[in-house]
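>
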Amino acid sequence: MPGLGDATRGRILYGGDYNPEQWPEETWHEDVRLMRQAGVTTVTLGVFSWARIEPRPGERDFGWLDRVMDLMHEAGIGVVLATPTASPPPWMGHLHPDTLPRDEEGRTEWWGGRQHFSHSSATYRRYAAAITEDLAARYAGHPALTLWHINNEYCTYDWGDEAAARFRDWLRARHETLDALNAAWGTAFWSQGYGDWAEVMPPRHPHYLKNPTQVLDFKRFTSDMLLECYTAERDIVRRHTPHLPVTTNFMPLWAGQDAWRWAEEEDVVSVDLYPDPRDPFGAQEGALVQDMTRSQARGPWMLMEQAAGAVNWRGVNHPKPRGLNRLWSLQAVARGADAVCYFQWRQSRQGAEKFHSGMVSHAGERGRTYQEVTRLGADLARISPHVAGTHGTAGVAVLHDWNSWWAGDQEARPSHEVDHPGMLRAWHRALWQAHLTTDFAHPEHDLSGYPLVVVPQLYLLTDAAVDNLLAYVRGGGTLVCGFLTGVADEDDRVRPGGMDARLRDLFGIRTLHEWWPLDAGETVACEGFRGALWSEELEADGTADATTPYRGGELDGLPAVLRKGRAWYVSTLPEPGALRDLLTRIAADAGVRPVLDGLPDQVEAVRRGDLLFLLNHGREPVAVDLPGPHHDLLTGTDVTGRVTLERHGAAVLRP
Amino acid sequence: MPGLGDATRGRILYGGDYNPEQWPEETWHEDVRLMRQAGVTTVTLGVFSWARIEPRPGERDFGWLDRVMDLMHEAGIGVVLATPTASPPPWMGHLHPDTLPRDEEGRTEWWGGRQHFSHSSATYRRYAAAITEDLAARYAGHPALTLWHINNEYCTYDWGDEAAARFRDWLRARHETLDALNAAWGTAFWSQGYGDWAEVMPPRHPHYLKNPTQVLDFKRFTSDMLLECYTAERDIVRRHTPHLPVTTNFMPLWAGQDAWRWAEEEDVVSVDLYPDPRDPFGAQEGALVQDMTRSQARGPWMLMEQAAGAVNWRGVNHPKPRGLNRLWSLQAVARGADAVCYFQWRQSRQGAEKFHSGMVSHAGERGRTYQEVTRLGADLARISPHVAGTHGTAGVAVLHDWNSWWAGDQEARPSHEVDHPGMLRAWHRALWQAHLTTDFAHPEHDLSGYPLVVVPQLYLLTDAAVDNLLAYVRGGGTLVCGFLTGVADEDDRVRPGGMDARLRDLFGIRTLHEWWPLDAGETVACEGFRGALWSEELEADGTADATTPYRGGELDGLPAVLRKGRAWYVSTLPEPGALRDLLTRIAADAGVRPVLDGLPDQVEAVRRGDLLFLLNHGREPVAVDLPGPHHDLLTGTDVTGRVTLERHGAAVLRP
Amino acid sequence: MPGLGDATRGRILYGGDYNPEQWPEETWHEDVRLMRQAGVTTVTLGVFSWARIEPRPGERDFGWLDRVMDLMHEAGIGVVLATPTASPPPWMGHLHPDTLPRDEEGRTEWWGGRQHFSHSSATYRRYAAAITEDLAARYAGHPALTLWHINNEYCTYDWGDEAAARFRDWLRARHETLDALNAAWGTAFWSQGYGDWAEVMPPRHPHYLKNPTQVLDFKRFTSDMLLECYTAERDIVRRHTPHLPVTTNFMPLWAGQDAWRWAEEEDVVSVDLYPDPRDPFGAQEGALVQDMTRSQARGPWMLMEQAAGAVNWRGVNHPKPRGLNRLWSLQAVARGADAVCYFQWRQSRQGAEKFHSGMVSHAGERGRTYQEVTRLGADLARISPHVAGTHGTAGVAVLHDWNSWWAGDQEARPSHEVDHPGMLRAWHRALWQAHLTTDFAHPEHDLSGYPLVVVPQLYLLTDAAVDNLLAYVRGGGTLVCGFLTGVADEDDRVRPGGMDARLRDLFGIRTLHEWWPLDAGETVACEGFRGALWSEELEADGTADATTPYRGGELDGLPAVLRKGRAWYVSTLPEPGALRDLLTRIAADAGVRPVLDGLPDQVEAVRRGDLLFLLNHGREPVAVDLPGPHHDLLTGTDVTGRVTLERHGAAVLRP
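First to last, the sequence lines map onto chains A, B and C. Under full-length UniProt numbering, think of the first position of the first sequence as 1, with each following residue one higher. Under full-length UniProt numbering, think of the first position of the second sequence as 1, with each following residue one higher. Under full-length UniProt numbering, think of the first position of the third sequence as 1, with each following residue one higher.
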């Protein structure tokens with residue numbers, strides 16, 4: 001199968017979404033000049049171009065795209081070609097209202113924005129296949145083409161009637177019989193027993209709480225329907241260009257797609273990444289997404305979209321201060337990206353995203369944004385040969401599963417203060433601050449290569465996942481589990497005792513009497529630290545090797561943290577420093593060391609291949625002590641003993 | 001007519017909702033063992049069992065219920081049998097979309113939750129009557145059956161077309177002529193005059209503010225339609241079992257039902273009660289609901305549902321700390337409950353309420369929850385013979401009326417900081433903190449038995465209610481009225497002068513110039529205390545015996561509190577301590593004493609029959625001085641002089 | 001053309017909305033007595049009387065209105081007669097559902113409130129024309145009639161199908177071709193290209209962000225449709241009474257109508273004004289609306305509605321403290337009003353606005369409200385001959401344009417903390433606090449009469465507007481521009497460089513690198529003051545005469561304020577005192593002086609004709625030094641040297 005290497009050909013791709021249809025042709029030539037000047041090597045064409053290519057049903061206008069493709073080829077710039085199916089032309093909704101999604105309250109999602117297509121609409125899928133077929137046929141042999149990009153940020157739901165029919169098909173395939181569905185959904189409660197498949201519906205607006213397993217299956221269904229849309233188009237382009245890789249771009253840590261499953265269907269895993277420049281933990285947000293994307297890709301991956309400056313969809317949209325775009329781009333490379341791309345090349349003058357920055361901002365060539373983009377292009381060109389295609393290594397795996405997220409996110413639950421991504425972020429942050437490089441893994445993946453496995457929270461664990469965790473510990477691995485893990489089975493059935501019995505045994509827990517969720521802002525005292533969000537009334541079974549107790553309050557003396565051999569259970573969220581220190585100690589015991597010792601807090605260190613990336617997230621310069629002499633690929637200078645990083649500066653060091 | 005005594009037969013009922021259809025039959029036998037061990041004497045069956053009993057339209061499957069009924073009978077456990085009509089099976093909405101309610105914006109409430117039935121649907125009512133008929137016929141002679149439970153927490157609205165037709169019927173019955181309706185609704189304003197009954201609609205989503213009397217009548221209509229649903233089923237079961245009492249469970253202090261009217265149609269008044277264990281005034285919330293329910297029942301009542309631990313529908317759901325379930329249960333008994341029941345017996349593993357606690361929690365028999373449930377069962381068995389069927393007495397009546405609540409809650413009103421239940425709570429709290437036992441009463445009830453009547457706020461007062469209050473004071477009663485009382489008549493017509501003229505005269509008010517509502521968090525200085533929420537620019541007529549003035553600000557020197565004979569008017573909400581002290585003084589003048597003198601703040605004292613209940617709401621032990629020797633029924637020991645209550649402890653003392 | 005003078009006939013009109021249909025006829029006579037006692041000279045009849053006049057389709061009942069008109073005439077009270085078309089009778093929606101608007105999510109706006117008419121409905125317009133025709137024919141010759149009032153507070157939107165058809169007509173008229181529409185809307189982005197007019201829709205609920213130019217055109221369309229409704233009725237009444245002026249009442253600073261365009265179609269400009277009595281800047285809010293209305297009227301205008309006390313639509317509705325109604329009414333006169341009117345004469349007892357105050361409150365004749373209304377009536381009678389018809393003068397014009405407001409208010413924009421009316425208020429406040437009298441003007445108006453022009457923010461500027469500003473400065477004018485000005489062209493296309501190039505040149509800006517919007521509550525240090533809401537990364541071109549730099553942070557040393565000749569650019573919002581001082585200095589340089597020097601902060605001074613109004617907004621008395629002897633028309637006394645104003649007091653001084 002083709003992969004990212006077939007597109008990169010040994011160099012880091014650099015570029016972005018290019019929407020020449022928004023500009024007069026004279027601007028295209030100016031664009032090429034500026035692209036070359038900035039070191040751009042790749043552009044993504046065709047996203048949202050459907051109405052241009054098919055202005056009326058069945059018509060085709062490829063002429064303009066031919067010209068752009070040729071222009072790119074002449075300029076030596078590779079093309080990522082997108083199928084335009086994320087935004088059907090107005091005629092589609094007008095002629096075929098069945099292609100428009102309905103929300104859970106029955107409201108239509110109209111054209112006039114984007115992504116107003118029903119994943120379940122046969123009509124939509126037919127049109128999408130046809131345009132994909134013609135696009136692939138036309139450009140299969142074009143020399144500029146390097147990678148296919150299917151659709152864009154798949155993210156639609158549909159509660160309408162055609163989706164309902166597809167949902168029933170999907171449920172039949174999953175549960176086979178109505179009896180099995182009734183059992184899985186627990187329909188004996190609240191008189192929800194289904195006597196006929198025709199009665200089964202998407203979870204539409206009810207009088208009171210929805211059935212949570214119905215909602216869970218609807219989320220699975222939605223991810224699968226979108227995936228069907230993807231694979232249908234992928235299979236078409238693959239037929240035309242079996243030698244070229246195919247991707248679709250994920251939104252970072254987004255609830256709608258089970259990206260573990262999706263990644264298996266992609267030749268290249270790509271993601272869009274937009275941390276807030278004003279978020280004090282923006283760099284860690286980036287690291288998390290990068291680690292997860294790399295883990296899904298099992299190697300180099302593609303940063304399909306980032307912003308050169310501000311985005312347009314926050315309440316207040318801050319620009320990137322000088323140096324930040326470069327720093328965060330190098331961070332992506334450090335964490336495995338072989339492509340650094342933007343939405344978009346040239347900032348729009350019109351439309352809903354005209355206040356989203358571009359590589360060429362409204363200020364144009366003279367603007368700071370483009371100047372910094374150009375500097376970064378030169379940097380990437382310099383380090384590219386040493387980096388592209390190389391892998392990093394991580395001693396820690398953090399477990400994440402969309403099914404668990406979906407199930408845990410139900411309406412009526414112990415605490416709305418606790419959420420899956422929040423727990424992922426909190427635990428990843430502790431590891432990131434401890435300079436421990438992390439992969440992400442699915443709970444049923446082979447974990448044996450990792451000395452340490454961390455489970456921030458997996459509310460839902462399949463039997464196979466429980467087996468896997470137990471086998472991992474039996475095999476010598478060290479496991480740290482946060483609270484609310486192993487509560488439910490695959491159908492969101494609470495396991496007897498409120499937590500899987502084998503897991504309780506693993507940690508030395510006899511009885512989980514009660515959960516004691518904490519209010520927003522409340523903390524609970526434990527021996528040596530304070531916990532937030534959660535606490536538990538646990539009764540140990542006497543087999544644990546050590547416990548850290550709660551202190552004071554209703555849980556005084558009960559275990560907050562249990563350790564039994566290499567298995568740890570943490571029944572609260574320790575304050576950040578305490579969690580970092582706890583994980584540092586456990587990691588050390590498991591033989592996992594930080595990337596570098598003695599690093600200043602503001603410096604991130606990552607190894608990729610034989611290179612050491614140092615990233616200064618601070619606004620002040622900082623000096624870092626190095627273990628021996630290195631060569632800095634960015635400056636071309638040798639450094640020994642210590643290296644000084646400017647504000648938002650970076651070093652890419654070869655030993 | 002049968003009553004609660006026919007179900008209790010002299011002992012306090014103890015048990016809860018039992019949903020065996022969620023569990024395999026082997027669990028049923030385990031359940032019986034645990035029930036007997038816990039002292040359970042009653043279970044409620046059949047709530048939400050419609051789809052199980054009638055899996056397809058017209059079919060019946062009673063076999064499983066026969067077996068459960070028999071099993072309960074063999075175990076000596078009485079059965080409260082519910083009609084299953086609160087949650088129609090999926091086939092009903094599928095085959096009969098006319099049974100689904102529409103909200104005010106036209107959105108359908110779909111099946112997949114519960115209570116997705118239109119109270120106005122003839123189809124729904126026909127099916128409900130049929131299943132009720134068959135259920136009653138089948139179990140009329142079953143020896144386990146002790147009480148009928150109709151539906152569950154009636155609480156649905158419907159703005160749809162069939163409801164619109166029923167609304168018109170209801171309005172015809174109320175107003176007789178269109179002219180009368182136009183007059184009552186004040187349709188001369190904003191060009192709303194109706195020329196044909198067909199034009200009259202439920203108050204659907206408008207461009208701007210709704211007609212408040214239309215909304216008021218719609219709330220009355222909704223309560224009446226739900227009541228029709230109830231009485232239709234009640235009459236069916238009563239025909240089969242004239243000797244057995246009938247109830248339906250209220251939600252506590254819920255806006256949707258005029259419970260004064262409903263209670264008249266019930267043989268047993270029952271309520272569901274779920275104070276937040278973390279609410280510092282949770283115990284007072286309980287006392288309020290218990291006082292109101294007892295007043296509606298005019299004697300012993302049934303606590304149909306409470307939680308043994310956490311609920312599942314708050315943002316953060318806290319468990320009950322050790323002892324709290326027992327304490328709050330004994331509080332209900334102290335305030336007149338002859339039945340202490342839970343939702344539900346065994347905590348669900350599936351569905352929307354699986355995180356709502358049960359008497360048997362996910363932790364099972366070993367869990368703290370079940371252990372405490374068992375202790376309470378023994379306590380209740382011990383005090384039961386001395387308590388069941390006895391009455392308490394209260395010297396204070398607090399007036400409450402749903403019509404006033406409904407009318408006062410209109411969109412465009414003087415202040416959204418002021419709300420009816422908030423005022424009830426604030427005034428009841430002051431009385432509760434003063435250890436003054438309170439009944440609730442409707443403003444048209446005979447009040448002559450109460451030395452003191454308190455009106456926190458009755459925005460709407462009928463002419464008859466005003467007559468009643470005046471007669472009460474003339475008859476020697478002491479009346480304390482909060483602000484915004486007597487503003488509107490039965491049709492929400494503002495009375496001339498902004499407050500009923502006879503009431504103004506009663507208090508010595510010449511002119512109510514202006515209301516001065518306060519902003520959130522704002523207070524106003526009065527002589528000796530600060531007031532919140534409200535103040536008034538009042539001009540006294542010189543006949544008042546005493547006034548307490550405002551101090552400073554725009555109202556400096558104007559009367560904040562007026563007293564004229566035994567009639568008091570309080571034009572602000574005094575801070576809690578001031579209101580407590582004021583009511584204590586007025587009560588003393590009226591000859592109403594606290595239950596005990598010198599009680600610590602954290603201790604609640606209630607008399608029922610000849611028993612004195614002492615309840616320690618504090619987390620620390622506390623000693624209470626007693627007036628003479630007593631026998632503590634809970635411990636079986638004699639106490640003299642003083643009794644010490646453990647943390648969350650209680651004593652049930654016989655002199 | 002007739003004007004306000006034809007209605008006032010040399011005296012200030014005093015009165016309010018009168019809705020006798022809400023009251024029995026005996027009350028009408030009481031009303032007349034109280035009106036005369038209060039000095040009322042005018043009432044507005046017929047607003048919301050449609051159902052009364054046309055109780056069934058095509059019927060007419062004018063008898064009651066005849067009697068009221070006659071009664072008014074006998075009492076010497078003039079009548080402003082309203083067409084009743086703001087609230088169709090229930091029969092209309094019932095018989096003609098096509099007259100009901102749909103919101104952007106497809107929900108119907110039902111009758112039961114008011115303004116439930118679609119501006120695009122041919123049926124509605126037909127009925128509205130018919131009732132207007134008959135009303136005008138009947139009362140054309142009535143001696144009481146002085147002014148026509150069309151509809152009331154036009155403010156409805158409609159996303160329904162008939163509106164969609166009208167929107168397409170409107171777009172055809174504006175853009176002529178689909179190509180032009182596609183170009184204007186930038187439909188090349190997101191695949192929104194329209195191939196057929198039938199595909200074009202109002203901006204209905206999309207999956208993601210709407211097209212901002214589609215939204216902008218929809219707002220223009222809405223304003224124009226409403227204007228069509230207005231002019232259709234105006235033309236009818238004008239045909240019957242060419243000698244009488246016509247108005248419709250604006251809501252103050254409301255987004256829905258381009259009041260510059262509307263004012264051109266009115267003989268009298270009138271407005272409704274409801275500052276919050278508790279708003280510390282309520283008086284300035286009043287001044288702003290009054291200045292804007294006077295500018296739209298180009299002379300005397302009509303205060304159609306204000307509240308004598310509280311309104312009913314805020315969360316907490318505060319009454320007016322003693323004196324405030326009089327003070328704010330005199331302020332309106334000072335700023336050009338020749339009519340001081342209220343909603344409404346007698347406070348309603350029923351309906352959605354019964355808690356909105358009236359000139360006669362619920363407390364009636366004895367109430368403070370009516371007493372103060374009566375005092376004011378006498379005051380107005382006293383000053384009326386000296387004031388009515390006179391004009392004020394302003395040295396400063398503040399520019400405002402609805403198109404810019406509409407465009408700037410788009411969903412995805414740099415900062416949601418920044419909004420057009422907020423900027424207007426902040427800049428007007430600084431001028432008001434500096435005692436500089438201001439007009440408002442449209443950016444394409446002739447500005448040459450103003451020494452100083454202030455642009456708080458004009459995000460959208462047409463080419464003609466830019467021309468106008470440049471010509472103004474070239475002609476010797478002084479221009480001060482706030483940030484986010486000149487960003488977009490008429491179709492919301494961002495101008496190259498992010499700000500019009502000629503404007504950049506005017507201020508000496510080479511490159512606008514980035515906008516740096518600030519978070520809520522955040523400030524940025526500048527030389528000598530702190531700025532809020534916004535900052536900019538600007539590169540000066542070296543031609544500016546002076547700049548004030550940012551200090552510290554990312555923008556350290558870059559220009560915050562630039563001055564080049566008489567053109568100033570302010571790239572942040574200076575803190576209030578700094579903005580006031582800056583504008584005072586610039587005004588002084590431009591030869592514009594405060595109304596009086598040395599005024600206390602709490603005193604507002606305004607000149608109208610040869611009169612000087614002094615208004616004490618403070619709660620304490622204050623003394624004001626006067627330039628020479630004056631005669632106070634309110635007290636009839638001569639004052640020299642200084643005058644003392646009571647709390648909320650006023651003086652109207654003739655030199």
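For each residue, glycine too, the CB sits at the ideal point set by N, CA and C. Bear in mind the structure is a predicted one, so any value in this text is a computation, not a measurement.
Just list the residues that DSSP pairs C/G482 with in beta bridges.
The residue you call residue 482 of chain C lines up with position 482 of the third sequence. Residue pairing from DSSP places C/G482 in a beta bridge opposite C/V570.
> May I ask you to report which of helix, strand or coil DSSP gives B/H243?
Counted from its first residue, the second sequence places residue 243 of chain B at position 243. Correct three-state label for B/H243: coil.
> Between which residues of its own chain and C/D98 is the CB-CB distance below 7 Å, once the five residues before and five after are set aside?
Taking the first residue of the third sequence as position 1, residue 98 of chain C is located at position 98. Hits under 7 Å: S121, T123, E162.
> By Cβ distance below 7 Å, which residues in the same chain neighbour C/R278 in space, the five residues on each side in sequence not counted?
Translated into positions along the third sequence, residue 278 of chain C becomes position 278. Close CB contacts of C/R278 within its chain, under the 7 Å cut and outside five residues either way in sequence, are with H318 (chain order).
> Go ahead and pull the three-state DSSP assignment for C/G531.
Counted from its first residue, the third sequence places residue 531 of chain C at position 531. The answer is strand: DSSP assigns C/G531 an E or B state.
> Which two residues bound the contiguous beta strand (DSSP E) that contains residue 671 of chain C?
It is not possible to answer for residue 671 of chain C, since the shown part of chain C is limited to 1 through 655.
> Can you pull out the residues from the region 305-321 of chain A whose beta carbon lies closer than 9 Å to at least one beta carbon of chain C?
G309, A310, V311, N312, W313, R314, G315, V316, N317, H318, P319, K320, P321
> Along the alpha helix (DSSP H) that carries A/T374, what are the first and last residues, could you check?
For the purposes of this step, residue 374 of chain A is identified with residue 374 of the first sequence, where counting begins at 1. Taken as a continuous stretch (DSSP letters only), the alpha helix (DSSP H) holding A/T374 covers 368-387.
> In whole angstroms, what separates the C-alpha of C/D589 from that of C/T644?
The residue labelled residue 589 of chain C in the question sits at position 589 within the third sequence. The residue labelled residue 644 of chain C in the question sits at position 644 within the third sequence. When rounded, the distance between both Cα atoms is 32 Å.
> Name, going along the chain, the residues of the region 524-547 of chain A whose beta-carbon falls closer than 9 Å to a beta-carbon of chain B.
E537, E539
> Check each candidate in A/G39, A/E25, A/S295, A/A7 and name the one with the smallest Cα separation from A/G15.
Reading the first sequence from its first residue, position 15 is the one you call residue 15 of chain A. Selected option, being the one with the closest Cα: A/G39.
> Would you call C/S404 buried or exposed, if buried means 16 or more other Cβ atoms sit within 10 Å of its Cβ?
By 1-based counting over the third sequence, the position of residue 404 of chain C is 404. By the neighbour-count rule (16 or more Cβ atoms within 10 Å), C/S404 is buried.
> Where C/D545 and C/G565 are concerned, what is the direct C-alpha to C-alpha distance, given to the nearest angstrom?
Here residue 545 of chain C corresponds to residue number 545 of the third sequence, with the count starting at 1. Here residue 565 of chain C corresponds to residue number 565 of the third sequence, with the count starting at 1. The alpha-carbon atoms of C/D545 and C/G565 are separated by roughly 7 Å.
> Do B/Q37 and B/T374 have their C-beta atoms closer together than 8 Å?
Taking the first residue of the second sequence as 1, we reach residue 37 of chain B at position 37. Taking the first residue of the second sequence as 1, we reach residue 374 of chain B at position 374. Yes, the Cβ-Cβ distance between B/Q37 and B/T374 is below 8 Å.
> Specify the secondary structure class of B/D338 as computed by DSSP and reduced to three states.
The residue labelled residue 338 of chain B in the question sits at position 338 within the second sequence. In this structure, B/D338 counts as strand in the three-state DSSP scheme.
> Identify which residue in A/G591, A/Q192, A/G497, A/R220 has its Cα closest to the Cα of B/H94.
Here residue 94 of chain B refers to the residue found at position 94 when the second sequence is read from its first residue. Selected option, being the one with the closest Cα: A/Q192.
> What residue range is occupied by the uninterrupted beta strand (DSSP E) comprising A/F440?
Along the first sequence, one-based indexing puts residue 440 of chain A at 440. Per DSSP, A/F440 belongs to the beta strand (DSSP E) from 438-441.
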